[in-house]
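For the sequence shown, the UniProt record's numbering begins at 1 and goes up steadily by one. Backbone N, C-alpha and C define an ideal beta-carbon position, used for all residues, glycine too.
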Amino acid sequence: MAQVGPDPWEDLRIETVRIALVNAPEDPGERSALEDSARKALGLFPGSGFRNLLLDWGLGRVSGLARIADAKATLEPGTMGGVIINVTVTVREGKVATAPPAPGFPYFRRTADSVLKLKAVAATLAYANHNAWYAQPDAFLGANPLADGPSGAGWSAWGEGAYEMGVQGIGPLTPSIYVYGSLSYMFTESGGAELFTSQTRSYGAVEDAYGGVVFGKTWDDGRRLVVNLSAGRQPFKIADGMLIRITAGNGFDRAGLQLNPRWAADMLYLAEARYNNIKVAVFHFNPDELPPIDSQTLVNGINVETGLGTDKQFGLTYLHVPQSGYGYYTPTSSGTRAGLNVFDLRFYWQPTLTSQSGPYFRTEVAHQRNNDNVFEMRAWGGYVEAGCTATRWAWSPTLSYRLSYFSGDDPTTPTYERWDPLFSGGTPEEWVQGINHYKMFQDSNVIAQRLQARMRPGPRAEFVPQLWLFTADQTNNIGGTLSTLAGKPLGWEINGTFKYFPTRNIYIQSGVAATFPLSGVSDAIAAPLSPWFSAMAMARFSF
1 MAQVGPDPWE DLRIETVRIA LVNAPEDPGE RSALEDSARK ALGLFPGSGF RNLLLDWGLG
61 RVSGLARIAD AKATLEPGTM GGVIINVTVT VREGKVATAP PAPGFPYFRR TADSVLKLKA
121 VAATLAYANH NAWYAQPDAF LGANPLADGP SGAGWSAWGE GAYEMGVQGI GPLTPSIYVY
181 GSLSYMFTES GGAELFTSQT RSYGAVEDAY GGVVFGKTWD DGRRLVVNLS AGRQPFKIAD
241 GMLIRITAGN GFDRAGLQLN PRWAADMLYL AEARYNNIKV AVFHFNPDEL PPIDSQTLVN
301 GINVETGLGT DKQFGLTYLH VPQSGYGYYT PTSSGTRAGL NVFDLRFYWQ PTLTSQSGPY
361 FRTEVAHQRN NDNVFEMRAW GGYVEAGCTA TRWAWSPTLS YRLSYFSGDD PTTPTYERWD
421 PLFSGGTPEE WVQGINHYKM FQDSNVIAQR LQARMRPGPR AEFVPQLWLF TADQTNNIGG
481 TLSTLAGKPL GWEINGTFKY FPTRNIYIQS GVAATFPLSG VSDAIAAPLS PWFSAMAMAR
541 FSF
């Protein structure tokens with residue numbers, strides 16, 4: 001049910017890294033050499049996923065260079081939904097190094113090649129609905145095990161909080177091998193009339209608990225090899241999240257349904273190797289699902305990405321599910337997810353990643369097969385997205401249109417064609433397709449059209465309005481909300497999300513949404529339906 005993502009920067013694709021020198025030498029060659037040294041020491045490059053810990057470590061490495069007195073960074077949203085890193089490097093006046101200052105909050109230790117720091121997060125959210133579930137919760141929730149006095153007709157409101165405390169760090173094992181890790185505990189709470197229940201709840205449990213080792217080599221001609229091995233409780237995603245994005249459950253006894261603070265899988269084993277702009281990852285994970293609906297799913301896979309940090313990127317993913325109790329249902333029989341194989345191919349053409357004006361195009365197509373049930377499964381999913389960035393216009397808008405398709409099951413065929421959404425999701429700009437509508441119809445048996453504008457009123461602010469139109473692929477909807485639809489038109493939604501980043505450590509977000517049913521839904525329910533309106537506001541503080 002995510003509407004709010006994790007840390008607003010964590011795991012976003014790095015679009016650009018900008019280095020600015022203060023007290024820069026007048027000689028162009030010396031200035032260029034200093035900038036290159038700072039960029040190499042920072043170790044963050046376009047196309048990589050952003051990590052706060054690695055930025056802290058990189059800034060310490062830059063500050064440890066002989067000619068550098070200090071290095072600081074600010075972050076801002078990129079034109080394509082990624083992150084832009086702005087690093088200000090102060091060149092030392094004179095060439096004699098002085099003793100580094102003692103580390104300040106939140107660092108316990110910070111040297112030229114290591115960092116040990118406090119991880120602290122506090123977040124709060126207020127949420128309100130009017131006519132949730134189109135004012136007919138019984139029709140949409142039915143026997144849902146999470147529903148216990150859900151919201152419905154009229155206004156309802158609730159609040160949520162999440163607090164995380166821990167320690168994380170990275171340091172050298174040898175001059176070329178580094179170890180890292182994170183350990184944290186999270187407490188969450190909810191009170192008021194939430195979507196599924198009006199019970200007040202609180203919950204505490206370990207969130208991060210992982211460790212890893214990273215090593216590599218950079219050659220004089222600029223070639224880079226980085227190998228990263230890790231294991232434990234940690235988040236995981238593939239590309240923009242169409243296949244894998246949500247690896248932990250929120251809500252119910254854990255509270256935090258909309259704040260969505262928990263992202264760490266129960267266990268993730270990950271081996272990654274990146275050579276220049278090619279990255280290969282092999283993984284196994286067990287998602288941390290909610291106990292009442294835990295499907296005991298295990299996923300193995302390999303992901304390959306090429307062209308990272310360039311305007312043309314290709315990706316290929318293969319997934320296999322050796323174990324799962326997640327159910328597949330037809331009018332006459334049933335099966336499970338166990339044995340599922342997924343083949344995914346994607347292509348991005350994004351010349352605007354460098355904050356330039358112009359068009360872009362992205363597409364992804366995936367095929368699911370499963371022969372381990374009494375019926376064969378053959379399902380398809382994917383999208384095409386085209387847009388244009390106008391950096392010279394006011395607010396530098398990026399306008400886009402996305403058409404996505406996730407197949408439904410045709411009961412007249414011997415095969416099962418309903419797309420398995422796996423662990424898709426994230427935010428409305430990723431795979432939460434409609435802030436309200438997604439809560440009723442997730443990414444299965446749905447064709448969604450999205451018009452979106454990503455606008456930046458300032459370097460630390462972003463406004464994202466969206467217009468959605470939803471239709472079903474099949475009127476047979478067994479396994480989803482409403483087992484039989486009256487037709488294919490499902491609904492439409494208009495929403496808007498405003499984000500403000502006062503500093504790297506503070507994030508403020510608000511949003512509104514209005515969702516309206518169409519005949520495929522309204523004619524399938526005897527009772528009258530009302531438009532669903534929602535509004536939210538949240539603040540997040542982190543170190």
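Pull up the CB-CB distance for residue i and residue j, whole angstroms please, since I reckon it's below 8 Å.
{"i": "residue 131", "j": "residue 533", "result": "7 Å"}
{"i": "residue 110", "j": "residue 60", "result": "5 Å"}
{"i": "residue 472", "j": "residue 408", "result": "6 Å"}
{"i": "residue 531", "j": "residue 516", "result": "5 Å"}
{"i": "residue 58", "j": "residue 41", "result": "7 Å"}
{"i": "residue 316", "j": "residue 270", "result": "Actually they do not touch by this definition, with Cβ atoms about 17 Å apart."}
{"i": "residue 195", "j": "residue 536", "result": "Contact flag wrong, Cβ pair sits at about 12 Å."}
{"i": "residue 268", "j": "residue 342", "result": "About 18 Å separates the two Cβ atoms, so there is no contact after all."}
{"i": "residue 71", "j": "residue 87", "result": "6 Å"}
{"i": "residue 46", "j": "residue 353", "result": "7 Å"}
{"i": "residue 364", "j": "residue 382", "result": "5 Å"}
{"i": "residue 430", "j": "residue 301", "result": "Between residue 301 and residue 430 the Cβ distance is about 19 Å, and since that is not below 8 Å, they are no contact."}
{"i": "residue 443", "j": "residue 421", "result": "4 Å"}
{"i": "residue 50", "j": "residue 10", "result": "7 Å"}
{"i": "residue 53", "j": "residue 170", "result": "6 Å"}
For residue i, is the classification buried or exposed, using 16 other Cβ atoms within 10 angstroms of its Cβ as the cut-off for buried?
{"i": "residue 173", "result": "exposed"}
{"i": "residue 423", "result": "buried"}
{"i": "residue 55", "result": "buried"}
{"i": "residue 225", "result": "exposed"}
{"i": "residue 278", "result": "exposed"}
{"i": "residue 432", "result": "buried"}
{"i": "residue 20", "result": "exposed"}
{"i": "residue 333", "result": "exposed"}
{"i": "residue 337", "result": "buried"}
{"i": "residue 26", "result": "exposed"}
{"i": "residue 22", "result": "exposed"}
{"i": "residue 112", "result": "exposed"}
{"i": "residue 190", "result": "buried"}
{"i": "residue 312", "result": "exposed"}
{"i": "residue 392", "result": "exposed"}
{"i": "residue 221", "result": "exposed"}
{"i": "residue 219", "result": "exposed"}
{"i": "residue 255", "result": "buried"}
{"i": "residue 68", "result": "buried"}
Taking a contact to mean a Cβ-Cβ separation below 8 Å, would you say residue i touches residue j in this structure?
{"i": "residue 166", "j": "residue 151", "result": "no"}
{"i": "residue 374", "j": "residue 335", "result": "yes"}
{"i": "residue 435", "j": "residue 493", "result": "yes"}
{"i": "residue 545", "j": "residue 206", "result": "Any property of residue 545 remains undetermined from this structure, which presents the chain solely from 1 to 543."}
{"i": "residue 521", "j": "residue 496", "result": "no"}
{"i": "residue 234", "j": "residue 281", "result": "no"}
{"i": "residue 120", "j": "residue 543", "result": "yes"}
{"i": "residue 258", "j": "residue 297", "result": "no"}
{"i": "residue 454", "j": "residue 412", "result": "no"}
{"i": "residue 192", "j": "residue 157", "result": "yes"}
{"i": "residue 283", "j": "residue 146", "result": "no"}
{"i": "residue 395", "j": "residue 457", "result": "yes"}
Between which two residues does the alpha helix (DSSP H) carrying residue i extend?
{"i": "residue 439", "result": "437 to 440"}
{"i": "residue 521", "result": "519 to 522"}
{"i": "residue 140", "result": "137 to 141"}
{"i": "residue 63", "result": "52 to 63"}
So the beta strand (DSSP E) residue i belongs to, where does it begin and stop?
{"i": "residue 499", "result": "489 to 503"}
{"i": "residue 225", "result": "224 to 233"}
{"i": "residue 327", "result": "327 to 329"}
{"i": "residue 156", "result": "155 to 174"}
{"i": "residue 532", "result": "532 to 542"}
{"i": "residue 108", "result": "107 to 110"}
{"i": "residue 481", "result": "It is not in any beta strand (DSSP E) - residue 481 carries neither H nor E in the DSSP assignment."}
So who's on the other strand from residue i, going by DSSP bridges?
{"i": "residue 243", "result": "Answer is none; residue 243 lacks a bridge partner."}
{"i": "residue 26", "result": "DSSP output for residue 26 lists no bridge partner at all."}
{"i": "residue 348", "result": "313 and 362"}
{"i": "residue 286", "result": "267"}
{"i": "residue 190", "result": "160 and 201"}
{"i": "residue 217", "result": "225"}
{"i": "residue 384", "result": "363 and 403"}
{"i": "residue 446", "result": "406"}
{"i": "residue 80", "result": "Bridge partners of residue 80: none, in fact."}
{"i": "residue 368", "result": "342 and 379"}
{"i": "residue 35", "result": "Its beta-bridge partners do not exist; DSSP assigns none."}
{"i": "residue 179", "result": "171 and 213"}
{"i": "residue 134", "result": "Partner(s): none; residue 134 has no beta bridge."}
How about residue i: is its Cβ closer than 7 Å to a heavy atom in the ligand ATP?
{"i": "residue 295", "result": "What this structure holds is no ligand at all, so the ligand ATP is not there to describe."}
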